[in-house]
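First comes the structure, then the notes that go with it.
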Amino acid sequence: MKKVYFDNAATTQVRESVISKMQNALADFYGNPSSTHSFGRSAKTAIESARKTIAKYMNAHASEIIFTSGGTEADNMVLRSAVKDLGVTTIVTSKIEHHAVLHTVEALEEEYNLNIEYVALDSDGNPDMDNLKEILSRDNSKKLVSLMHVNNEIGNKINADAIGDLCKMYNALFHSDAVQSIGHYSWDVQKTNVDFLAAAAHKFHGPKGIGFAYIRKSSGLKPLLYGGEQERGYRAGTESFHNIVGLEEAFVAAYDNLEKEQKYVEGLKKYFINKITQEIPEVTFNGLSGNLNESTYTLINVCLPMTEQKGLMLLFHLDLKGIACSRGSACQSGSSKPSHVLAEILSDKEVKKPSLRFSFSKYNTKEEIDYTVEVLKEFINS
Numbered sequence: 058m059k060k061v062y063f064d065n066a067a068t069t070q071v072r073e074s075v076i077s078k079m080q081n082a083l084a085d086f087y088g089n090p091s092s093t094h095s096f097g098r099s100a101k102t103a104i105e106s107a108r109k110t111i112a113k114y115m116n117a118h119a120s121e122i123i124f125t126s127g128g129t130e131a132d133n134m135v136l137r138s139a140v141k142d143l144g145v146t147t148i149v150t151s152k153i154e155h156h157a158v159l160h161t162v163e164a165l166e167e168e169y170n171l172n173i174e175y176v177a178l179d180s181d182g183n184p185d186m187d188n189l190k191e192i193l194s195r196d197n198s199k200k201l202v203s204l205m206h207v208n209n210e211i212g213n214k215i216n217a218d219a220i221g222d223l224c225k226m227y228n229a230l231f232h233s234d235a236v237q238s239i240g241h242y243s244w245d246v247q248k249t250n251v252d253f254l255a256a257a258a259h260k261f262h263g264p265k266g267i268g269f270a271y272i273r274k275s276s277g278l279k280p281l282l283y284g285g286e287q288e289r290g291y292r293a294g295t296e297s298f299h300n301i302v303g304l305e306e307a308f309v310a311a312y313d314n315l316e317k318e319q320k321y322v323e324g325l326k327k328y329f330i331n332k333i334t335q336e337i338p339e340v341t342f343n344g345l346s347g348n349l350n351e352s353t354y355t356l357i358n359v360c361l362p363m364t365e366q367k368g369l370m371l372l373f374h375l376d377l378k379g380i381a382c383s384r385g386s387a388c389q390s391g392s393s394k395p396s397h398v399l400a401e402i403l404s405d406k407e408v409k410k411p412s413l414r415f416s417f418s419k420y421n422t423k424e425e426i427d428y429t430v431e432v433l434k435e436f437i438n439s
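In this note's numbering, the protein residues as written are 58 to 439.
Spelled out as structure tokens, the structure:
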């Protein structure tokens with residue numbers, strides 16, 4: 058049976074160089090990075106080297122890169138401290154954010170009587186800039202805007218520069234969940250007025266369980282976890298050394314090969330669009346995922362012409378054929394509810410139709426696309 062992995066938005070295959078780097082770290086660098094002896098110093102030096110490397114690629118200060126367990130922790134760290142410690146009383150977000158943001162904001166609303174404003178979206182899922190401006194100008198309350206750079210289900214890209222400039226104009230903080238962006242798009246935090254970012258290594262061929270938060274210097278953010286003085290005091294606990302060096306290796310490989318790999322993966326997406334529209338003409342694309350200019354090159358979200366009842370067996374059938382994809386975020390895979398993203402931008406009738414997200418990487422091929430589209434076509438016509 059063929060094995061085809063088109064669920065790279067959920068997680069990615071780890072690069073061989075990353076595995077090798079992590080194996081060496083586990084074997085040779087077992088000292089506690091907080092220890093003052095040579096074993097500890099060696100590990101600490103490698104961690105600080107990784108921090109500096111990431112900061113260099115993002116045009117940030119090394120002290121602004123804080124290692125976390127991943128994007129969810131980074132989002133929680135930023136949002137919670139912004140309310141608890143920075144005096145934020147209004148969070149502006151959208152209803153199609155990742156649940157790491159949405160559920161955190163909902164919890165903060167209950168705990169702190171926080172004011173939540175959801176920016177209006179157009180029919181494709183893009184934030185309405187006029188509405189955002191109106192919300193920011195409404196009063197003088199301390200505000201934080203949290204909008205993801207690349208939507209993990211429909212691939213829409215926000216204009217981070219324009220939103221950052223608007224936040225600066227109205228003295229609001231800007232946070233972006235960049236989990237689907239970092240490793241796939243360049244970031245220059247001196248050019249883009251962003252105060253906080255969240256990233257996860259496993260989205261760009263690194264290990265799971267490690268990511269980082271970018272926290273602009275002198276922001277005043279306080280720790281989410283208390284204990285030791287690790288991570289500049291922002292995150293207590295012994296550092297996950299092997300994961301940090303794995304993150305660094307994946308990060309450097311992603312950006313050193315960015316142009317070449319982006320061109321290749323973009324070619325796969327274009328080929329997928331052409332192939333599926335040729336073989337299944339009734340297919341439609343959710344959000345802007347079918348637009349090569351206005352969505353990420355890494356994923357496509359398709360609505361397939363079949364009944365809701367038949368669609369219930371679709372993922373099971375694809376799995377039997379060795380094809381991995383998803384209905385939406387992997388974090389919701391066990392839920393019977395429709396995608397909250399699609400429910401927000403599609404009509405009640407459309408959202409009941411089966412939709413699938415296919416996400417691509419450097420390890421995929423056109424032959425895999427041919428096979429997948431043929432399997433889909435056979436299932437639809439059966």
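C-beta: ideal position from N, C-alpha, C; glycine also.
Residues near Y114 in its chain [Cβ-Cβ closer than 6 Å; skip 5 each side]
Y312
Would a C-beta distance cut-off of 8 Å place T147 and S203 closer than the cut-off?
no
On a Cα-Cα basis, can you pick out the residue from S243, V432, N89 and L399 that is closest to M58?
V432
Beta strand (DSSP E) containing G268: first to last residue?
G268 to I272
Alpha carbon of N216 to alpha carbon of E121, nearest angstrom
23 Å
With the cut-off set at 8 Å, would you say V430 and E323 are in Cβ contact?
no
Is C224 helix, strand or coil by DSSP?
helix
Rounded to a whole number of angstroms, what is the C-alpha to C-alpha distance between F342 and S416?
13 Å
Closer than 8 Å to chain C by CB, E166:
Among the chains in the structure shown there is no chain C, since it carries only a single protein chain.
Within this structure, are the beta carbons of D64 and S383 separated by less than 8 Å?
yes
According to DSSP, residues forming a beta bridge with P184:
L178
Excluding sequence positions up to five away, which residues of its chain have a Cβ less than 7 Å from the Cβ of D252?
L230, F231, H232, R273 and S276
For V149 versus V176, is the C-beta distance shorter than 8 Å?
yes
DSSP beta-bridge partners of H232:
S203 and F253
State the Cα-Cα distance for the pair G391 and L345, rounded to the nearest angstrom.
For G391, the pLDDT reaches just 49, beneath the cut-off of 50, and the residue's location in the model is therefore unreliable, although a value from the coordinates is still provided. If I take the Cα positions, the gap works out to 26 Å.
Could you give the first and the last residue of the continuous beta strand (DSSP E) run that contains R414?
S412 to S416
Using a Cβ distance threshold of 8 Å, determine whether the region 69–86 contacts the region 258–274, with at least three qualifying pairs required.
yes
With distances taken Cα to Cα, identify the nearest neighbour of G221 among E351, K279, L254 and I357.
L254
Out of L403, I426, Y428 and N421, which has the shortest C-alpha to C-alpha gap to I211?
L403
In the structure shown, what three-state DSSP assignment does F329 receive?
helix
Delimiting residues of the beta strand (DSSP E) encompassing T125:
I122 to T125
Are the CB atoms of A107 and F86 within a distance shorter than 8 Å?
no
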